[in-house]
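Enquirer:
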Amino acid sequence: MIKKILIANRGEIACRIIKTAKKLKIKTVSIYSDSDINAEHVLMSDESYYLGPSEASKSYLNISKIIEICKKAEVDAVHPGYGFLSENPNFVRELTKNKIIFIGPSENAIISMGDKIKSKMIAEKASVNVVPGFIGEINNVNHAKEIAKKIGFPVIVKASAGGGGKGMRIVNSEEDVEEAFLRASSEAKNSFGDERLFVEKYLVEPRHIEIQIIADNYGNVVSLGERECSIQRRNQKVIEEAPSSFLDETLRRDMSTQAIMLAKEVEYSSAGTVEFIVDKDKNFYFLEMNTRLQVEHPVTEMITGLDLVNEMINVANNKKLSFSQKDIKLNGWAFESRIYAEDPYKGFLPSIGRLTKYSPPSEDKSMDYEIRNDTGVKEGDEISIFYDPMIAKLSTWGKDRKSAIKFMEKALDEFCISGLKNNLSFLSSIYLNPKFVDGEISTAFIEKEFKNGFKGLPIKQYKSLFEIIILTLSAESDIRDLNLKKFDKRTSVELFDFFDNKKYISDEYIVKLDNKMFEISKLDGNLYLLDKMYNKLRVHHQIDFQTNLINIKIYEDDQILLSTFLKLNYCFPYYQIDFRGSSVKGITRDSVNLELSKFMKKVDDEENKNSLICPMPGKLIELFVKVGDQIEVGQNLCIVEAMKMENTLQSSLKGQVKKINFKVNDLLKVDDIIIEF
């Protein structure tokens, strides 16, 4: 029996595994790099051992060092989590040699399914539907062009050892094949140590739906239903849900049957996921099999009531599955939102820095709902360039899809992160999108719904709310200042009474939201805002100064009009409010001050116009130009690798390269001037 486990991973998945191990009274051993010396997974485990430098190749991918620690700690087994060595057959082989149990499938199963080319051959043999394409390794760029033309564009170039959106490029024409081939092979080599590629037909706007299976060592394989992972950006999943609103019982049964057939073909054991793409006519095709625990496994746990880590440990202990297919019932609906350190307002550029505030919504569970937050960070931790930018996975469960969405909206409202950019507002905007709410989604959803990038939701829907709040906060501030009560923590402001008092405010006031102005005036004893009369409006607010989360309740004649949470930041003289995908900066001014503000000098932003500025922290891995080169608009200038992804930076002007301030392999910070023109 397994009594002590080493987790060969970091972050949220390491913490997740430790939680289950503690329930089972199994001792845990964590490993850490220089960047993770004070990480949450290290603090949670019973023992921890130093692994090496921050670079994954020198730490979390260092098989010999991990084996050495396993022996030193005298562990019985290793759980690999996901990513890193989780699908590395060499790691399994070395553990087996040293009589250490690998909590996962066999070496042969990983080899068979881990190689995307080989897995397609096996899938065909098992009578599983396969995407049309060339089942074989692409030798070079010319070979890729030849195959792509035979298949017909668009095609997708993919890493044979790939996963997680790495080493993958969609190609729409012959002219794009070379660039796609080079970038995909480079990413694949850096991420997986294997640059082999293959090419297959790219299905336009399919759905990405996967089947979770669990298998024991006695030939029993059970499907735990599907997860829909169609909400993706750059082939990386953003939101997952279970079950899928697109599947009927017949399609669910057929997909599950093929997933089980494939698992049996390779004598699979442990947890695994068979991924399919499904077209609008409900034809489905095998994509790949992930021979590990998936990032999005919580949604399956929420609708089945199973603990997948527990089941993996049971299988590793050579136990039979304690349930059969007929025992599996899908109950309710669950969503998972991946919260990333990235700036959605600037093309989702990676963001690094310290979490000066980190306050997730409280985890809770009842008969009607569940809120779950899987994370590996705490307030004060630093997000670095060395690892995946995911901060947390926020999951909600409800009795149906609509209620699960509502619980997610509220949970996102209550999630506070400061110190670095994050995608909370972007996630909120998706859950509010009518097409998403109606289940009209595909892998092209984000691309289609945010054609010009994410700019935040229009404030129209919440304009009155924002104006009332900013006016209320300004009113409270003025009252406090005039009465010299610096520590007066007022939680209610009677706007009507406030306006009626001449010493506080003029008869006319302007609320400015971003660049739009709205007049507020008092006429005949009544308050008018946006041409609507608010008489005796009362606003209650409670501010949590640790998180800047403000709980607003608006009443009129003792009837509550609105109760919600918003995120507030005050940077004199502005208030910034973030709420459900909308972000506004607001200020209140009387008419005299507004007129005077017109004479303020504007900020000149021309200083770095003739430079290529680094938009993200990362490593400069390739330069395409040298000093003296003439460049054109849109020309590729360099590639910056950030958080395992390669980003090509292009020229926004025509000119000549005057100076290059960095060399290949240099580390870059945000706003570093890479090239001057």
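Position 495 of the sequence shown, counting from 1, maps to 563 under this note's numbering, and the rest follow consecutively.
Glycine residues also receive a C-beta, built at the ideal position from the N, C-alpha and C atoms.
#1: According to DSSP, Lys95 sits in a beta bridge with which residue or residues?
#2: Buried or exposed: where does Asp740 fall if 16 or more other Cβ atoms within 10 Å of its Cβ makes it buried?
#3: Which residues mark the beginning and the end of the alpha helix (DSSP H) in which Asp481 is found?
#4: For the alpha helix (DSSP H) that contains Gln326, what are its first and last residues?
#5: Would you tell me roughly how many angstroms separate the C-alpha atoms of Tyr408 and Lys737, rounded to the nearest one?
#6: Since Thr164 is in the alpha helix (DSSP H), which residue starts that stretch and which ends it?
#7: Could you have a look at Arg84 and say whether DSSP puts it in helix, strand or coil?
#8: Going by beta-carbon coordinates alone, are Ser405 and Ala177 separated by less than 9 Å?
#9: If you run the structure through DSSP and keep just helix, strand and coil, what is Gly220?
#10: Less than 9 Å between the C-beta atoms of Arg360 and Ala339, yes or no?
#11: For Phe403 and Leu488, I'd like the C-alpha separation in whole angstroms.
#12: Are Val223 and His276 close, meaning C-beta to C-beta below 9 Å?
#13: Residue range of the beta strand (DSSP E) that Thr368 falls in?
#14: Measure the C-alpha to C-alpha separation of Phe692 and Val708 and round it to an integer number of angstroms.
#15: Check whether the segment 134-144 touches the segment 104-111, counting contact only when three or more Cβ pairs, one atom from each stretch, lie closer than 8 Å.
#16: Around the Cβ of Ala472, are there at least 16 other Cβ atoms within 10 angstroms (buried) or fewer (exposed)?
#17: Looking only at DSSP bridge pairs, what is Gln280 linked to?
#18: What is the DSSP secondary structure of Ser720, counted as helix, strand or coil?
#19: Can you check DSSP and say which residues form a bridge with Leu634?
#20: Mind checking Val267: buried by the 16 CB within 10 Å criterion, or exposed?
#21: May I ask you to report which of helix, strand or coil DSSP gives Glu246?
#22: Go through its chain and collect everything with a Cβ distance to Ala512's Cβ below 6 Å, but skip five positions before and after it.
#23: What are the start and end residues of the beta strand (DSSP E) that includes Lys461?
#24: Distance, Cα to Cα, Gly120 vs Ser103?
#25: Pull the bridge partners of Met236 from the DSSP assignment, please.
#26: Roughly how many angstroms lie between the CA atoms of Lys470 and Gln393, to the nearest whole one?
#27: Determine the contact status of Pro311 and Leu398, defining contact as a CB-CB distance below 9 Å.
#28: Where does Lys727 fall in DSSP's three states?
#29: Give the C-beta separation of Ala212 and Val198 to the nearest angstrom, bearing in mind that I take them to be a contact with Cβ-Cβ under 8 Å.
#30: Nearest to Ala479 by alpha carbon, out of Lys414, Phe633, Met458?
#31: Just mark Pro200 as buried or exposed, buried being the case when its beta carbon has 16 or more other beta carbons within 10 Å.
#32: Tell me the rounded alpha-carbon separation between Tyr117 and Val160.
#33: Have a look at Glu690, Ser259, Cys682 and flag the residue whose alpha-carbon is nearest the alpha-carbon of Phe454.
#34: By alpha-carbon positions, which one of Asp244, Leu315, Val146 ends up nearest to Glu278?
#35: Tell me, to the nearest whole angstrom, how far the beta carbon of Trp401 is from that of Glu438; I am working on the premise that it is less than 8 Å.
#36: With DSSP run on the structure shown, which of helix, strand or coil describes Phe266?
Expert: So, to answer that:
#1: Lys72, per the DSSP bridge assignment.
#2: Asp740 counts as buried, since at least 16 other C-beta atoms from the protein chains shown sit within 10 angstroms of its C-beta.
#3: First-last of the alpha helix (DSSP H) with Asp481: 469-482.
#4: Boundaries of the alpha helix (DSSP H) around Gln326: 317-333.
#5: Distance between the alpha carbons of Tyr408 and Lys737 is about 18 Å.
#6: Element bounds for Thr164: 157-165.
#7: If DSSP states are grouped into helix, strand and coil, Arg84 belongs with the helices.
#8: The criterion of a C-beta distance shorter than 9 Å is not satisfied by Ser405 and Ala177.
#9: Gly220: coil per DSSP, three-state reduction.
#10: In this structure, the beta-carbon distance from Arg360 to Ala339 falls below 9 Å.
#11: Spanning the two alpha carbons is a distance of roughly 25 Å.
#12: Cβ distance not < 9 Å, so Val223 and His276 don't count as in contact.
#13: Counted as a single uninterrupted DSSP element, the stretch harbouring Thr368 is not any beta strand (DSSP E) but the alpha helix (DSSP H) occupying residues 365-372.
#14: Going by the C-alpha atoms only, they are around 12 Å apart.
#15: No, they do not touch.
#16: It is buried - the Cβ of Ala472 has at least 16 other Cβ atoms within 10 Å.
#17: Per the DSSP secondary-structure output, Gln280 pairs in a beta bridge with Thr341.
#18: Here Ser720 sits in coil by DSSP.
#19: BP columns for Leu634 point to Ile618.
#20: Counting Cβ neighbours within 10 Å, Val267 comes out buried, since at least 16 surround it.
#21: DSSP places Glu246 in helix when its eight states are reduced to three.
#22: In its chain, beyond the 5 residues on either side, Glu273 have a beta carbon closer than 6 Å to the beta carbon of Ala512.
#23: Secondary structure note for Lys461: its beta strand (DSSP E) is the uninterrupted segment 458-466.
#24: Here the alpha carbons of Ser103 and Gly120 stand approximately 9 Å from one another.
#25: According to DSSP, which records beta bridges pairwise, Met236 is partnered with Lys226.
#26: Near 27 Å, if we compare the C-alpha coordinates of Gln393 and Lys470.
#27: When the beta-carbon positions are compared, Pro311 and Leu398 come within less than 9 Å of each other.
#28: In this structure, Lys727 counts as strand in the three-state DSSP scheme.
#29: With a Cβ gap of about 19 Å, Ala212 and Val198 do not count as contacting.
#30: That would be Phe633, whose Cα lies nearest to the Cα of Ala479.
#31: Exposed.
#32: The straight-line gap from Cα to Cα measures roughly 20 Å.
#33: Considering only alpha carbons, the answer is Ser259.
#34: Here the closest residue by C-alpha is Leu315.
#35: Cβ atoms of Trp401 and Glu438 stay farther apart than 8 Å, at about 11 Å.
#36: The answer is strand: DSSP assigns Phe266 an E or B state.
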